Amino acid sequence: MRSRKTLLKEFGVLLIVSLMVLSSIVVTANGPLVKDSKIEYTHESMINQDPIRQKDTQNREVLLSEGFEGNFPPTGWTRIITNTGYCDSYPQYSAHWNQSSDVVHNGTKAAYVWWDYQHQDEWLITPEINLVGIPNGILTFWSYGYEGSTYNDHYYVKISTDNGVTWTELFDLSSFPPNQGWNSYTSPYVIDLAAYQGQIIQLAWHVVSPQNDGIWYQWCIDDVEVTGGDNIPPVTTCTITGTYETIITFTATDDMSGVDYTKYKLDNGAWIEYNAPIIVTAVGDHIVYYYSVDNAGNVEAEKHNTFTTQLAITITIKGGLGVSVTIKNVGTINLTDIDWSMALDGKLIFAGKTKSGILYTLAVGEEVTIKDSVIGFGRTGIGISAGTVDASASGTILLFFVIGVK
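Note that the working numbering has the sequence shown beginning at 15, numbered continuously upward.
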């Protein structure tokens, strides 16, 4: 009579085969991410909690990439083999890490370790991976394995920073909720290695069973990749406000290595490092150029914005006995040599049709009222210019008076 374990294990093999056949039509939920090994993992609860998963990794530096398509173990990889045998029920499968073409994610090969009845303590170890100067390291790998074993066997991913002398657990398939089931290359596991920036690391896939038994489930891994660094430049936003006094503010963001500095130049001036909002009072049309650099040295493409700073004055037009115009300095600096002019375009104006002059000084907050006596009749437009500022109104002339100005 076959033991319960034999029946369960053989059922597991049949399940793998059936899942492979049905894999093209299976619709599955999002795959798990990794938390502290002392916390049970779930698919749904973790996918929204790990911002690393949302980052674009296409422009990151690839530090390790292995699909197990060539010699095994791959160049630079090592194994620690405790169980040199093969599965009793399936002698074509080894009880230590080996290469298989039966259960793969991409290509024609994957790495696997099969279950056995004898003790297993099997390691598959990467070459050294240099994270010195490399921020935001990420390990991604695809797995065909059982989540939530309850048989005191473990399916670890571990990390070493001392050339394999000591190892720290990053992940364990057995830490998922009990009997959660197979992840049959449904989605990858993604492990954040940012805490190991500045170190030289090795990674290991380690299965270990109780002393009197082997592991209960076979484990296949494929398409292992470690990426890191930041090849994406920051993004700078320019905000321009104000009319008489233009205020320029830059905001730069970089969600990986962070922003180092932002530089700008105004018109044909020199490049200046940005530290505080810029105030522009020079009247006229302007262009501001800017870019940012992140802590990884990525330089943003130069951008520019155009704006116009107006003369800081207001013009008020009133009627009455003739036309009166009030020019006021509403800015923060004293103004000098302001050319002004007044023109009425009515058809029956006999005197006071135009007038002009210069305001030699206009202090902050000061206002000057200019009067124009007129003689005429009928509707008229009133146009005023003071420096670069224009204003207009219309009214009706009744001999010496101008009424209905608006």
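Glycine included, every Cβ here is placed at the ideal spot set by N, Cα and C. Just so it is clear, the structure is predicted and the values come from calculations on it, not from any experiment.
Could you tell me the boundaries of the beta strand (DSSP E) in which Ala315 lies?
Working through the sequence shown from its first residue, we reach residue 315 at position 301. First-last for Ala315: undefined, no H or E at that position.
Spatial distance of Ser51 from Glu259 (CA atoms)
Along the sequence shown, one-based indexing puts residue 51 at 37. Along the sequence shown, one-based indexing puts residue 259 at 245. Residue placement at Ser51 is flagged as unreliable, the pLDDT there being 31, under the threshold of 50; the coordinate-derived value follows with that caveat. Distance between the alpha carbons of Ser51 and Glu259 is about 57 Å.
DSSP-derived helix/strand/coil call for Ala422
Only positions 15 to 420 of the chain appear in this structure, which leaves residue 422 out of reach.
What are the uninterrupted segments assigned as beta strand (DSSP E) that are 3 or more residues long and contained completely in the segment 215-264, given in chain order?
233-242 and 249-255
Using beta-carbon positions only, say whether Ala290 and Asn343 come within less than 9 Å of one another.
Position 276 of the sequence shown, counted from the start, is the residue given in the question as residue 290. Position 329 of the sequence shown, counted from the start, is the residue given in the question as residue 343. Taking 9 Å as the Cβ cut-off, Ala290 and Asn343 do not qualify as a contacting pair.
Looking only at its own chain, which residues have a Cβ that is under 7 Å from the Cβ of Thr263, when we skip the five neighbours before and after it?
Counting from 1 along the sequence shown, the entry for residue 263 is found at position 249. Hits under 7 Å: Thr253 and Pro291.
Outcome for Glu136 when other beta-carbon atoms lying within 10 angstroms are tallied against a minimum of 16
Within the sequence shown, the letter at position 122 stands for residue 136. By the neighbour-count rule (16 or more Cβ atoms within 10 Å), Glu136 is buried.
Distance check for Gly99 and Ile143, CA to CA, integer angstroms please.
Here residue 143 refers to the residue found at position 129 when the sequence shown is read from its first residue. Here residue 99 refers to the residue found at position 85 when the sequence shown is read from its first residue. In a straight line, the C-alpha of Ile143 is about 31 Å away from that of Gly99.
Is Val307 closer than 9 Å to Pro248 when the C-beta atoms are compared?
Along the sequence shown, read from residue 1 onward, the residue named residue 248 stands at position 234. Along the sequence shown, read from residue 1 onward, the residue named residue 307 stands at position 293. Yes, they are a contact pair.
In three-state terms, what does DSSP make of Ser103?
For the purposes of this step, residue 103 is identified with residue 89 of the sequence shown, where counting begins at 1. Coil, per DSSP.
Can you name, in chain order, every residue of its own chain whose Cβ lies under 7 Å from the Cβ of Pro192, other than the five neighbours on each side?
On the sequence shown, residue 192 is found 178 positions in, with the first residue counted as 1. If we look at Pro192 and ignore the five residues flanking it on each side, its Cβ neighbours are Gly162 and Thr164.
Along the beta strand (DSSP E) that carries Lys367, what are the first and last residues, could you check?
By one-based count along the sequence shown, residue 367 stands at place 353. It is not in any beta strand (DSSP E) - Lys367 carries neither H nor E in the DSSP assignment.
Proximity to Tyr303 [Cα-Cα], best of Thr89, Thr276 and Asn312
Within the sequence shown, residue 303 is the residue found at index 289, counting from 1. The residue with the shortest Cα to Cα distance from Tyr303 is Thr276.
Measuring straight from C-alpha to C-alpha, what distance separates Ala125 and Phe86?
Here residue 125 refers to the residue found at position 111 of the sequence shown. Here residue 86 refers to the residue found at position 72 of the sequence shown. About 8 Å.
Would you mind sorting Lys172 into buried or exposed? The rule is 16 or more other CB atoms within 10 Å of its CB.
Reading the sequence shown from its first residue, position 158 is the one you call residue 172. It counts as buried.
Sequence-distant residues of its chain with Cβ nearer than 7 Å to Thr92 (five each side left out):
Here the question's residue 92 lines up with position 78 in the sequence shown. Counting only Cβ-Cβ distances below 7 Å, and skipping sequence neighbours, we find Ile139.
Between Tyr170 and Asp206, what straight-line distance do the alpha-carbon atoms span, to the nearest angstrom?
Taking the first residue of the sequence shown as position 1, residue 170 is located at position 156. Taking the first residue of the sequence shown as position 1, residue 206 is located at position 192. Looking at the two C-alpha atoms, the distance is approximately 15 Å.
Alpha carbon of Asp236 to alpha carbon of Tyr203, nearest angstrom:
Taking the sequence shown and counting its residues from 1, the one referred to as residue 236 is at position 222. Taking the sequence shown and counting its residues from 1, the one referred to as residue 203 is at position 189. Taking the straight line joining both Cα atoms gives about 11 Å.
Could you give the residue range of the beta strand (DSSP E) that holds Arg74?
The residue labelled residue 74 in the question sits at position 60 within the sequence shown. Unbroken run through Arg74: none, as it is neither H nor E.
With a floor of 3 residues, list each beta strand (DSSP E) that falls wholly inside the segment 267-314, ordered by position along the chain.
273-280, 292-294 and 298-308
Residues in the same chain with beta-carbon distance under 7 Å from Gly390, minus the five sequence neighbours each way, listed in chain order, please.
As a working note, residue 390 is residue 376 in the sequence shown. Correct list, in chain order: Gly360, Leu362, Ile363, Phe364 and Ile411.
Note down, in chain order, each residue of its chain lying with its Cβ closer than 6 Å to the Cβ of Ser59, except the 5 sequence neighbours on either side.
Working through the sequence shown from its first residue, we reach residue 59 at position 45. With a pLDDT of only 32 at Ser59, under 50, the local geometry of the prediction cannot be trusted, and the value read off the model is given with reservation. Closer than 6 Å at Cβ, skipping near neighbours: no residue.
Cβ of Ser157 within 9 Å of Cβ of Val127?
Numbered from 1 along the sequence shown, position 143 holds the residue referred to as residue 157. Numbered from 1 along the sequence shown, position 113 holds the residue referred to as residue 127. Against a cut-off of 9 Å, the Cβ pair of Val127 and Ser157 comes out as no contact.
What residue range is occupied by the uninterrupted beta strand (DSSP E) comprising Leu412?
Start at 1 with the first residue of the sequence shown, and residue 412 comes out as number 398. Element bounds for Leu412: Val403 to Leu413.
Excluding sequence positions up to five away, which residues of its chain have a Cβ less than 7 Å from the Cβ of Phe82?
As a first step, residue 82 must be located in the sequence shown, where it is residue number 68. For Phe82, where only same-chain residues beyond five positions count, the Cβ hits under 7 Å are Pro88, Gln113, Lys123, Ala124, Ala125 and Asp236.
Measure the alpha-carbon distance for Ala400 versus Lys367 and round it to whole angstroms.
Along the sequence shown, read from residue 1 onward, the residue named residue 400 stands at position 386. Along the sequence shown, read from residue 1 onward, the residue named residue 367 stands at position 353. Taking the straight line from one Cα to the other gives about 17 Å.
Assign Ser188 to one of three DSSP states: helix, strand, or coil.
Locating residue 188 in the sequence shown gives position 174, counting from the first residue. Ser188: helix per DSSP, three-state reduction.
Looking at His110 and Asn226, is the spacing between their C-beta atoms short of 9 Å?
One-based indexing of the sequence shown puts residue 226 at position 212. One-based indexing of the sequence shown puts residue 110 at position 96. No, the Cβ-Cβ distance between Asn226 and His110 is not below 9 Å.
Quick one: what's Leu376 bridged to in DSSP?
The residue given as residue 376 occupies position 362 in the sequence shown. Answer is Leu349.
Looking only at its own chain, which residues have a Cβ that is under 8 Å from the Cβ of Tyr288, when we skip the five neighbours before and after it?
Here residue 288 corresponds to residue number 274 of the sequence shown, with the count starting at 1. Hits under 8 Å: Phe264, Tyr275, Thr276, Lys277, Tyr278 and Tyr304.
What residues in its chain sit with their C-beta under 6 Å from that of Gly395, if we drop five residues either side in the sequence?
Taking the first residue of the sequence shown as position 1, residue 395 is located at position 381. Excluding residues within five positions, the ones whose Cβ falls inside 6 Å are Asp359 and Ser408.
Please report how far the alpha carbon of Val221 lies from the alpha carbon of Leu187, in whole angstroms.
Against the sequence shown, residue 221 aligns to sequence position 207. Against the sequence shown, residue 187 aligns to sequence position 173. For Val221 and Leu187, the distance between alpha carbons rounds to 10 Å.
Please identify the residue among Asn312, Pro141, Gly392 and Ala209 whose C-alpha is closest to the C-alpha of Leu184.
For the purposes of this step, residue 184 is taken as residue 170 along the sequence shown, with counting starting at 1. Comparing Cα positions, the closest option is Ala209.
Output needed for Thr154: all residues of its chain with C-beta closer than 6 Å, excluding positions within five of it in sequence on either side, in chain order.
Sequence index remark: in the sequence shown, residue 154 carries index 140 (1-based). Hits under 6 Å: Pro202, Val204 and Glu239.
Go ahead and pull the three-state DSSP assignment for Tyr203.
Numbered from its first residue, the sequence shown carries residue 203 at position 189. DSSP places Tyr203 in strand when its eight states are reduced to three.
Val382 Cβ short of 8 Å to the ligand COA heavy atom set
Among the components modelled here there is no ligand, and therefore nothing to report on the ligand COA.
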